[in-house]
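Structure first, then comments.
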Amino acid sequence: MNKSDLRTGMLVTLRNDENYYVMLNTGVFGDIEGVLVHRIGQDTGWMSLRDYTDDMTHHSDPNGIFPSTPEEDSMWDIVRVEGVRLACELYDTRRYKTLWEREK
Numbered sequence: 214m215n216k217s218d219l220r221t222g223m224l225v226t227l228r229n230d231e232n233y234y235v236m237l238n239t240g241v242f243g244d245i246e247g248v249l250v251h252r253i254g255q256d257t258g259w260m261s262l263r264d265y266t267d268d269m270t271h272h273s274d275p276n277g278i279f280p281s282t283p284e285e286d287s288m289w290d291i292v293r294v295e296g297v298r299l300a301c302e303l304y305d306t307r308r309y310k311t312l313w314e315r316e317k
């Protein structure tokens, strides 16, 4: 699976075990690629998909607001993608099924 396969409403799990919902074309801060919104609204709140490569690994801008080292970047890699079949199942995490998982 690639970043371009992500769809709004999918749930992703990062290497640090946090869960985020995929939201595409939100226009948040001019972001046309999309954002990841924290499932339970914790400190991290949201992240831009612009900071992800096509293989869904995280690479922050070294000149950006929150630059990080490669080791820190890897904790934000997407390691699992889950989805639902019906719109009425969105946000009911019990209904999500794994669509893809990164090989270890």
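Position 45 of the sequence shown, counting from 1, maps to 258 under this note's numbering, and the rest follow consecutively.
All C-beta atoms, glycine included, are put in the ideal place defined by N, C-alpha and C.
Integer Cβ distance of residue i from residue j, believed to fall under 8 Å
i	j	result
Gly-243	Leu-262	The pair is not a contact, with the Cβ atoms about 13 Å apart (cut-off 8 Å).
Val-225	Arg-315	Not confirmed; about 11 Å, so no contact.
Check whether residue i and residue j have beta carbons under 8 Å apart
i	j	result
Met-269	Ile-291	yes
Leu-227	Trp-289	yes
Met-223	Glu-295	yes
Val-297	Arg-308	yes
Selected residue, minimal CA-CA separation from residue i, among the options
i	options	result
Arg-252	Tyr-234, Val-241, Asp-264, Gly-240	Tyr-234
Gly-258	Val-250, Tyr-265, Asp-264	Val-250
Asn-219	Thr-266, Asn-229, Val-241	The displayed chain sequence assigns Leu, not Asn, to residue 219. Considering only alpha carbons, the answer is Thr-266.
Asp-286	Ala-300, Arg-298, His-271, Leu-299	His-271
Thr-221	Ala-300, Ser-273, Thr-282	Ala-300
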